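Numbering (the working numbering), first residue to last: 1253 to 1883. A virtual CB, placed ideally from N, CA and C, is assigned to each residue, including glycine. This one's a predicted model, so the numbers in the text were calculated from it and none came from an experiment. Read the structure below first, then the notes.
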Amino acid sequence: MSNKRTDQKTQHTQRNKDSQYKGQKTNSSKRNIKQEEKTSYYMIPIFILLCIVPFLIRMKNYNPNIAEYNWAPNIDNTTDYFLFYKHWFVIITAAIMIIIIAYKAYKRQEKIKLIPIFVPLCLYAILSLLSAIFSVKPIFSFLGSFDQFESVFALLGYCIIAYYSFLFIKTERNITQIIYFLTAIALIFTILGITQFSGHDFLSSGVGYRLVTPPKYQVEGAYFRPNFANSIYLTLYNPNYVGVYVSLITPIIAIMTFFIRNKRLLILSLMALVGLIFCAIGSKSLAGIIGLVIAFICILLFMWRYLLKWFKIVIPVAVVAIIGVVIINAVTDNMLINKVKEVVQGSKPKYELTAMDTNDDNVSLIYKGNKLYVQYIGSGEGAGTFLPQDESGQLVSCSYDEATNTIRVNDDRFAGISFGVDQERNGVFFIEAEGFRWSFSKLTEDGTYYHVNRMGRLDKMVTAPSAVFNGYEWFATARGYIWSRTIPTLKDKIILGSGPDTFVLTFPQQDYINFERYGYGNGIMTKPHSLYLQIWSQTGLISLLAFLTFYLMYFITSFRLYIKGRFHNIYVQMGLAIFIGTIGYMVTGLTNDSSITTAPMFWLLIGTGIAMNQKAKQLILEEASENDDSK
């Protein structure tokens, strides 16, 4: 018995010479080598998702199908660069994965297993499909909507990606390939991030413009420039998604760096880590920074024994990292500190104007807790008569201000409100309060009052109901406003939601007063800025519970495995790395949505993490058994 164990240790030592990572291999290494030869082509879809999809950026003109809504621009053509092609590449890759799974199951007669953790994921997929079938706008749910492109086929694709990764990422070679992929992407992103942060964005250069713009749309002297001045957005559409990406990937590379044997790979990994942290700070995504901090706390929790062993290296690296963060923060004019202040301070401002609605006979306001009703009788040629009344029907005292050509309210209850006639648009008048001006007209087909919105279209103005974040709308850079107006819409979305990619249709876009007030006056609300509200709103509460159950099962299994602190093989190492990476992703999901730019990586990695857990559990039990035998 003793000689056999000695022989096994000798074999492990010899095999480790060929490995890039510290730790013993399993007794099934020979079988794994044969398996690697058979399954290498299974990694092609993985390569596409990790190394090609993130870099897809190409101009696409398409019909957004929103002109029928008066709160949207009256257009039948708009342009996308970041989402459209990523969306369809993910769907096509998922379809290829289905073919490979079917080939394995039926052609090669290999057994396809479905373990319990995938049951809630199947429920999530079914509810997503049903929500799409009964969607408030099926074309959005099945083909994707503007500014999002995360259709039901993308959601189903995520589930397939997770399951495919679980089935086929099995060997040590597969794991090292994924690490190579992630490191290479991080290094490329770092270079791109440096150009964006320095104000010399490669994508905005002449070469970049020609790369992302089809020849027939190229114009001499034109350039591509998203509206993110000196912020790092990479190819992920929005700086916020850089924070999501970094929170997911950085812990994985960081943990695997501890176990690298190859010096060249170690240097590249350290460069990738520095680059990722730089991108997180340069993106100005506070959620990304918080996700990173929580991820590194988790690393300390699970790896403290290992870190103590290497404290002579860990402490200097940590000091250098802290100094680097301080320097970058100083260079960016205290960006980190200012971001924290934005979230914490000024969360409950006081506004005198709390409601404004267009009615059949008037425009109603609630100002300082008092109701005011404004009627307008136009007399043509830029003139008209205003009849402001209080709640009891009494006329409110006003006076004409010749300097501003407006009528000011004298009544103390409504002091600060003024009215005027738009001199450029016939039949249009305006109401001013708290520094904002809103235009209205009653020259409409039905003779009722309408708001003339920023697109120049007539639409009803409605003060949306709010919940939970009342008075804290500025929380998390005005996400509090989005959440407070989203939550009241959720009560009707218990079983099924409104349909994938339809949040834009259920959010109260006609809440014009608050759109202006909280900085969204020039746009349309297409997402709730929260992964969890997004799922509930679009595919229903039950689907959200199914998703959370899926992740909770993964979390509990992973926690129990890795809290023991045994990281003697690459499966355990990678399993822990992915587990902590997904924690970072789920944390950033509190303030960021699922996006076709980052979600495929999360689902691929969590599927891999489930596979690693199965391998790790077996190896940890074997190790414990060997230790018992040696005693």
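Between residue i and chain C, is any beta-carbon pair separated by less than 9 Å?
i, result
"residue 1655", "In summary, chain C is missing from the structure at hand, where a single protein chain is found."
Between the C-alpha atoms of residue i and residue j, what's the straight-line distance to the nearest angstrom?
i, j, result
"residue 1598", "residue 1726", "Low local confidence applies: a pLDDT of 49 at residue 1598 is under 50, so the model's placement there is unreliable, with the coordinate-based value given in what follows. Between residue 1598 and residue 1726, the C-alpha separation is close to 7 Å."
"residue 1868", "residue 1537", "34 Å"
"residue 1396", "residue 1367", "31 Å"
"residue 1415", "residue 1768", "44 Å"
"residue 1637", "residue 1652", "12 Å"
"residue 1575", "residue 1588", "14 Å"
"residue 1573", "residue 1517", "19 Å"
"residue 1458", "residue 1443", "17 Å"
"residue 1562", "residue 1529", "22 Å"
"residue 1661", "residue 1702", "22 Å"
"residue 1259", "residue 1837", "Note that residue 1259 has pLDDT 45, beneath the 50 cutoff, so the model's placement of it is unreliable and the number below is only indicative. Roughly 43 Å separates the two Cα atoms."
"residue 1779", "residue 1845", "7 Å"
"residue 1531", "residue 1541", "10 Å"
"residue 1658", "residue 1839", "50 Å"
"residue 1419", "residue 1863", "7 Å"
"residue 1325", "residue 1432", "45 Å"
"residue 1850", "residue 1302", "10 Å"
"residue 1533", "residue 1616", "45 Å"
"residue 1736", "residue 1821", "47 Å"
"residue 1679", "residue 1694", "7 Å"
"residue 1585", "residue 1579", "10 Å"
"residue 1688", "residue 1783", "32 Å"
"residue 1842", "residue 1732", "12 Å"
"residue 1289", "residue 1305", "Legend: pLDDT at residue 1289 = 46, less than 50; position of this residue unreliable, value from coordinates given subsequently. Using only the alpha carbons, I get a separation of about 26 Å."
"residue 1743", "residue 1793", "9 Å"
"residue 1297", "residue 1421", "11 Å"
"residue 1276", "residue 1511", "Model confidence at residue 1276 stands at a pLDDT of 47, short of 50, so the residue's coordinates are unreliable; what they give is reported in the following sentence. So the two alpha carbons sit approximately 11 Å from each other."
"residue 1567", "residue 1555", "14 Å"
"residue 1447", "residue 1498", "18 Å"
"residue 1720", "residue 1690", "27 Å"
"residue 1453", "residue 1461", "11 Å"
"residue 1286", "residue 1391", "In this predicted model, residue 1286 has a pLDDT of only 49, less than 50, meaning its place in the structure is not dependable; the value taken from the coordinates is given anyway. One C-alpha to the other measures close to 46 Å."
"residue 1343", "residue 1406", "6 Å"
"residue 1479", "residue 1539", "20 Å"
"residue 1295", "residue 1369", "23 Å"
How far does the alpha helix (DSSP H) with residue i in it reach, from first residue to last?
i, result
"residue 1411", "1404-1420"
"residue 1339", "1336-1354"
"residue 1447", "1424-1449"
"residue 1733", "1727-1738"
"residue 1384", "1370-1385"
"residue 1791", "1783-1791"
"residue 1823", "1822-1840"
"residue 1393", "1390-1395"
"residue 1325", "Per DSSP, residue 1325 belongs to no alpha helix (DSSP H) and is neither H nor E."
"residue 1366", "Here residue 1366 belongs to no alpha helix (DSSP H), and DSSP marks it neither H nor E."
On the DSSP bridge assignment, give the partners of residue i in chain order.
i, result
"residue 1767", "For residue 1767, which the question treats as bridged, DSSP gives no partner whatsoever."
"residue 1640", "1626"
"residue 1661", "1650"
"residue 1683", "1671 and 1690"
"residue 1456", "Answer is none; residue 1456 lacks a bridge partner."
"residue 1710", "1704"
"residue 1313", "1331"
Check for me: the beta strand (DSSP E) holding residue i runs from which residue to which?
i, result
"residue 1606", "1605-1610"
"residue 1702", "1702-1704"
"residue 1617", "1615-1619"
"residue 1331", "1330-1332"
Stretch pair the segment 1524-1535 + the segment 1500-1515: three plus CB contacts closer than 8 Å: yes
At least 3 beta-carbon pairs within less than 8 Å: the segment 1744-1752 vs the segment 1361-1372: The segment 1744-1752, when compared against the segment 1361-1372, does not touch it at the 8 Å Cβ threshold.
Segments of 4+ residues assigned as alpha helix (DSSP H) that fall wholly inside the segment 1462-1550: 1491-1509 and 1515-1535
The segment 1675-1687 touching the segment 1605-1618, judged by at least three CB pairs closer than 8 Å: yes
The segment 1483-1498 contacting the segment 1305-1314, beta-carbon criterion three pairs below 8 Å: yes
Stretch pair the segment 1847-1862 + the segment 1550-1566: three plus CB contacts closer than 8 Å: no
Given 8 Å, three or more beta-carbon pairs between the segment 1756-1776 and the segment 1815-1829: no
The segment 1464-1484 touching the segment 1314-1321, judged by at least three CB pairs closer than 8 Å: no
The segment 1825-1833 / the segment 1382-1400 touching (three or more Cβ pairs under 8 Å): no
Validate contact between the segment 1787-1794 and the segment 1421-1431 using beta carbons, cut 8 Å, 3 pairs: no
Cβ contact (3+ pairs, closer than 8 Å) linking the segment 1398-1408 and the segment 1334-1352: yes
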